[in-house]
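Converting from the sequence shown to the working numbering requires adding 73 to each position, the first position being numbered 1. Think of the CB as a built atom: it goes at the ideal place given N, C-alpha and C, for glycine as much as any other residue. Worksheet: one structure, shown below.
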Amino acid sequence: MLAWLFGCLIAGIIVYGVVPTIVIRKKRVLLFREGTAPDCLALTFDDGPDPYYTPKLLDLLKKHGVKATFFVVGRKAERYPDIVRRMVEEGHEVGIHNYRHISNWLLPPLWLDWGVRRAAAAIERATGQRPVYYRPPWGHFNAWAPIVQKRYTTVLWTHIVGDWNAKLGAMELFRRLKGALRGGAMIVLHDNGDALGADRHAPEQMLSALELLLKDEAAKKMRWVTITEMRNAQTNKRISSM
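What follows is the structure, given as structure tokens:
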């Protein structure tokens with residue numbers, strides 16, 4: 074009996090979550106995952122805000138004049154609204170990363186809808202701005218996700234460099250980041266280390282690697298932009314080519 078129930082659970086997850094994720098990613102259904110401007114790339118940060126690492130990250134970005142996009146967890150935005158407000162005040166963008174860091178494969182439709190709405194409300198209370206971007210944890214979708222995607226622009230990535238693994242080391246992470254330097258790139262990093270499978274202190278190495286990257290001459294030649302700036306550059310490029 075237990076084996077039968079477990080089999081039904083796995084089958085349900087596959088049908089409800091895994092298959093829609095494969096289809097949405099492959100068909101790029103309502104997704105923005107890469108720009109086209111040759112001199113622009115976007116830094117994005119997931120899983121925060123963190124009361125220790127996120128302020129240090131904001132200090133680093135401010136020091137180098139870099140704008141980024143943060144996909145925040147709603148319950149953390151409720152807990153640390155001042156950090157979320159600082160993000161916007163310093164020219165960054167803030168998007169939704171679910172209310173809790175849970176795979177959409179495990180969230181029933183109404184829970185997903187409620188969580189995204191609550192996360193959006195927390196961001197709006199903190200910043201005065203309604204978020205327009207959404208990134209699901211681990212890039213997992215489900216059969217209900219297209220309904221959520223109609224309300225927000227869903228953003229994925231071109232490069233995910235494994236910075237949640239502290240064993241990677243700052244120098245290897247720097248090497249991977251440098252390899253991601255190209256026009257249109259969308260890079261994922263994490264300013265919080267408490268997600269499932271992450272190392273709690275991994276953001277420390279991320280910050281070290283990112284500082285090395287932002288000092289690199291090749292990185293200085295690129296334009297570090299928010300998601301909106303990336304999309305606008307793409308639109309302007311199309312218009313200018315007409």
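{"Item": "Cβ-based burial, S313 [other Cβ within 10 Å; buried from 16]", "Value": "Reliability fails at S313, whose pLDDT of 43 lies under 50, so the model's placement of it is uncertain and no value is given."}
{"Item": "DSSP state of F214 mapped onto helix, strand, coil", "Value": "coil"}
{"Item": "N-terminal and C-terminal residue of the alpha helix (DSSP H) that V228 is part of", "Value": "Looking at the DSSP string, V228 is not in any alpha helix (DSSP H); the run it does join, the beta strand (DSSP E), is 226-228."}
{"Item": "Nearest-angstrom Cβ-Cβ length linking G168 and R208, presumed shorter than 8 Å", "Value": "6 Å"}
{"Item": "Residue interval of the alpha helix (DSSP H) (run including I260)", "Value": "That residue, I260, is in no alpha helix (DSSP H); its beta strand (DSSP E) goes 259-263."}
{"Item": "For F28, the residue or residues it bridges with in DSSP", "Value": "The structure shown does not extend to residue 28, since the chain is modelled only from 74 to 315, so the question has no answer here."}
{"Item": "Helix, strand or coil at T200 [DSSP, three-state]", "Value": "helix"}
{"Item": "Cβ neighbours of P154 in the same chain (closer than 6 Å, five flanking residues each side left out)", "Value": "A199"}
{"Item": "Distance, A306 Cα to A110 Cα", "Value": "6 Å"}
{"Item": "Buried versus exposed call for Y125 [16 or more other C-beta atoms within 10 Å across all chains shown]", "Value": "exposed"}
{"Item": "CB-CB length for R106 against M259, believed under 8 Å", "Value": "6 Å"}
{"Item": "Three-state class that DSSP yields for R255 in the structure shown", "Value": "coil"}
{"Item": "N- and C-terminal bounds of the beta strand (DSSP E) containing L116", "Value": "113-119"}
{"Item": "Residues near G257 by beta carbon distance below 6 Å, same chain, minus five either side", "Value": "E107, G108, T109"}
{"Item": "Residues of its chain near P326, where Cβ-Cβ distance is below 6 Å and the 5 sequence neighbours each way are ignored", "Value": "Since the first residue of the chain shown is 74 and the last is 315, residue 326 is not available in this structure."}
{"Item": "Alpha-carbon spacing of W297 relative to K251, whole angstroms", "Value": "14 Å"}
{"Item": "Rounded straight-line distance, which links the Cα of L130 to that of W237", "Value": "15 Å"}
{"Item": "Terminal residues of the beta strand (DSSP E) in which I169 lies", "Value": "166-169"}
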